[in-house]
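Data first, discussion second: the structure below is written as C-alpha coordinates.
In my numbering, the protein residues as written are 5 to 130.
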(Lines of atoms letter the chains of each structure in order from A and count residues from 1; the text may use other names and numbers.)
(Lines give C-alpha, C1' and ligand atoms only; values in the text may rest on other atoms or scores of the structure.)
Protein backbone atom coordinates (compact mmCIF):
# COMPACT_ATOMS: atom_id res chain seq x y z
CA UNK A 1 0.00 0.00 0.00
CA UNK A 2 2.81 2.40 0.88
CA UNK A 3 4.53 1.60 -2.40
CA UNK A 4 1.36 2.33 -4.39
CA UNK A 5 0.87 5.63 -2.58
CA UNK A 6 4.54 6.59 -3.06
CA UNK A 7 4.37 5.64 -6.73
CA UNK A 8 1.23 7.76 -7.19
CA UNK A 9 2.91 10.77 -5.55
CA UNK A 10 5.99 10.41 -7.77
CA UNK A 11 3.83 10.17 -10.90
CA UNK A 12 1.77 13.21 -9.89
CA UNK A 13 4.93 15.20 -9.14
CA UNK A 14 6.40 14.20 -12.48
CA UNK A 15 3.26 15.25 -14.35
CA UNK A 16 2.89 18.46 -12.37
CA UNK A 17 6.49 19.55 -12.88
CA UNK A 18 6.51 19.20 -16.64
CA UNK A 19 6.85 22.44 -18.55
CA UNK A 20 3.59 23.59 -19.92
CA UNK A 21 3.21 26.29 -22.51
CA UNK A 22 2.75 29.68 -20.94
CA UNK A 23 -0.52 31.38 -21.56
CA UNK A 24 -0.12 34.82 -23.02
CA UNK A 25 -3.43 36.24 -21.76
CA UNK A 26 -4.08 38.27 -24.89
CA UNK A 27 -0.49 39.37 -25.45
CA UNK A 28 1.12 38.66 -28.77
CA UNK A 29 3.85 36.02 -28.57
CA UNK A 30 5.85 37.71 -31.31
CA UNK A 31 6.10 41.18 -32.69
CA UNK A 32 3.81 41.40 -35.66
CA UNK A 33 5.42 42.57 -38.89
CA UNK A 34 2.89 45.41 -39.08
CA UNK A 35 4.00 46.67 -35.67
CA UNK A 36 7.62 46.70 -36.82
CA UNK A 37 6.70 48.56 -40.02
CA UNK A 38 4.68 51.10 -38.01
CA UNK A 39 7.61 51.66 -35.66
CA UNK A 40 9.84 52.19 -38.68
CA UNK A 41 7.38 54.66 -40.16
CA UNK A 42 7.34 56.61 -36.89
CA UNK A 43 11.13 56.76 -36.94
CA UNK A 44 11.23 57.72 -40.63
CA UNK A 45 8.89 60.67 -40.14
CA UNK A 46 9.98 61.47 -36.59
CA UNK A 47 13.36 61.18 -34.89
CA UNK A 48 15.15 60.02 -38.04
CA UNK A 49 13.90 63.01 -40.04
CA UNK A 50 14.37 60.89 -43.18
CA UNK A 51 11.31 62.38 -44.89
CA UNK A 52 13.06 65.75 -45.01
CA UNK A 53 15.14 64.52 -47.96
CA UNK A 54 13.54 61.22 -49.00
CA UNK A 55 10.01 60.87 -50.35
CA UNK A 56 8.41 57.52 -51.03
CA UNK A 57 8.46 57.54 -54.82
CA UNK A 58 10.08 60.76 -55.97
CA UNK A 59 13.51 62.32 -55.74
CA UNK A 60 13.57 65.55 -53.75
CA UNK A 61 16.96 66.19 -52.13
CA UNK A 62 17.90 62.54 -51.83
CA UNK A 63 16.78 59.55 -53.86
CA UNK A 64 13.29 58.13 -53.28
CA UNK A 65 12.79 55.34 -50.76
CA UNK A 66 11.63 53.05 -53.57
CA UNK A 67 14.83 53.71 -55.55
CA UNK A 68 17.02 53.21 -52.47
CA UNK A 69 15.44 49.93 -51.48
CA UNK A 70 15.37 48.51 -55.02
CA UNK A 71 19.11 49.11 -55.31
CA UNK A 72 19.79 47.63 -51.87
CA UNK A 73 17.70 44.57 -52.81
CA UNK A 74 19.51 44.18 -56.16
CA UNK A 75 22.88 44.32 -54.42
CA UNK A 76 21.69 42.07 -51.58
CA UNK A 77 22.76 44.77 -49.12
CA UNK A 78 21.32 46.06 -45.88
CA UNK A 79 20.44 49.70 -45.36
CA UNK A 80 20.95 49.02 -41.63
CA UNK A 81 24.70 48.61 -42.19
CA UNK A 82 24.84 51.94 -44.01
CA UNK A 83 22.80 53.71 -41.32
CA UNK A 84 25.13 52.33 -38.65
CA UNK A 85 28.06 53.83 -40.55
CA UNK A 86 29.54 50.41 -41.32
CA UNK A 87 29.13 50.63 -45.08
CA UNK A 88 29.83 53.12 -47.84
CA UNK A 89 26.85 54.49 -49.75
CA UNK A 90 25.74 52.47 -52.76
CA UNK A 91 22.93 54.85 -53.77
CA UNK A 92 23.85 58.40 -54.78
CA UNK A 93 27.35 58.45 -53.21
CA UNK A 94 27.77 62.02 -54.49
CA UNK A 95 25.19 63.09 -51.90
CA UNK A 96 26.91 61.34 -49.01
CA UNK A 97 28.13 64.60 -47.46
CA UNK A 98 24.54 65.81 -47.11
CA UNK A 99 23.52 62.49 -45.55
CA UNK A 100 26.27 62.59 -42.90
CA UNK A 101 24.21 64.89 -40.68
CA UNK A 102 21.43 62.29 -40.45
CA UNK A 103 23.91 59.46 -39.96
CA UNK A 104 24.77 61.08 -36.64
CA UNK A 105 21.13 60.45 -35.68
CA UNK A 106 20.86 56.91 -37.07
CA UNK A 107 24.13 55.76 -35.50
CA UNK A 108 22.54 56.39 -32.09
CA UNK A 109 19.52 54.21 -32.90
CA UNK A 110 19.31 50.67 -31.60
CA UNK A 111 19.56 47.73 -33.98
CA UNK A 112 15.86 47.07 -33.39
CA UNK A 113 15.00 50.64 -34.44
CA UNK A 114 17.18 50.46 -37.54
CA UNK A 115 15.63 47.14 -38.55
CA UNK A 116 12.17 48.68 -38.10
CA UNK A 117 13.22 51.62 -40.26
CA UNK A 118 14.45 49.21 -42.94
CA UNK A 119 11.19 47.21 -42.69
CA UNK A 120 9.18 50.38 -43.28
CA UNK A 121 11.33 51.35 -46.24
CA UNK A 122 10.90 47.89 -47.75
CA UNK A 123 7.15 48.06 -47.19
CA UNK A 124 6.73 50.97 -49.60
CA UNK A 125 8.42 49.20 -52.51
CA UNK A 126 5.72 48.03 -54.95
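No residue lacks a Cβ here, since even glycine has one placed at the ideal position from N, Cα and C. It should be emphasised that the depicted structure is a prediction, and the values quoted were computed from it without experimental measurement.
Could you check which residue in the options has the C-alpha nearest to that of residue i?
| i | options | result |
| --- | --- | --- |
| residue 87 | 54, 111, 125 and 36 | 111 |
| residue 105 | 124, 52 and 90 | 52 |
| residue 108 | 126, 89 and 117 | 89 |
Short of 7 Å in beta carbon distance, which residues of its chain neighbour residue i, apart from the five on each side in sequence? Order them along the chain.
| i | result |
| --- | --- |
| residue 79 | 94 |
With which residues is residue i paired in a DSSP beta bridge?
| i | result |
| --- | --- |
| residue 63 | 58 |
Please classify residue i: does DSSP put it in a helix, a strand, or coil?
| i | result |
| --- | --- |
| residue 50 | coil |
| residue 113 | coil |
| residue 44 | helix |
| residue 127 | helix |
| residue 118 | helix |
| residue 92 | coil |
| residue 68 | coil |
| residue 82 | coil |
| residue 36 | coil |
Take residue i and list the residues in its own chain whose beta-carbon comes closer than 6 Å to its own, dropping the five residues that flank it on each side.
| i | result |
| --- | --- |
| residue 65 | 57 |
| residue 40 | 120 and 123 |
| residue 44 | 120, 121, 123 and 124 |
| residue 96 | 67 |
To the nearest angstrom, report how far apart residue i and residue j are at their CA atoms.
| i | j | result |
| --- | --- | --- |
| residue 92 | residue 98 | 11 Å |
| residue 100 | residue 75 | 16 Å |
| residue 115 | residue 81 | 16 Å |
| residue 126 | residue 103 | 19 Å |
| residue 117 | residue 55 | 16 Å |
| residue 85 | residue 77 | 13 Å |
| residue 113 | residue 63 | 25 Å |
Less than 8 Å between C-beta atoms, sequence neighbours within five positions excluded: which residues of the same chain meet that for residue i?
| i | result |
| --- | --- |
| residue 128 | 60, 61, 69, 70 and 73 |
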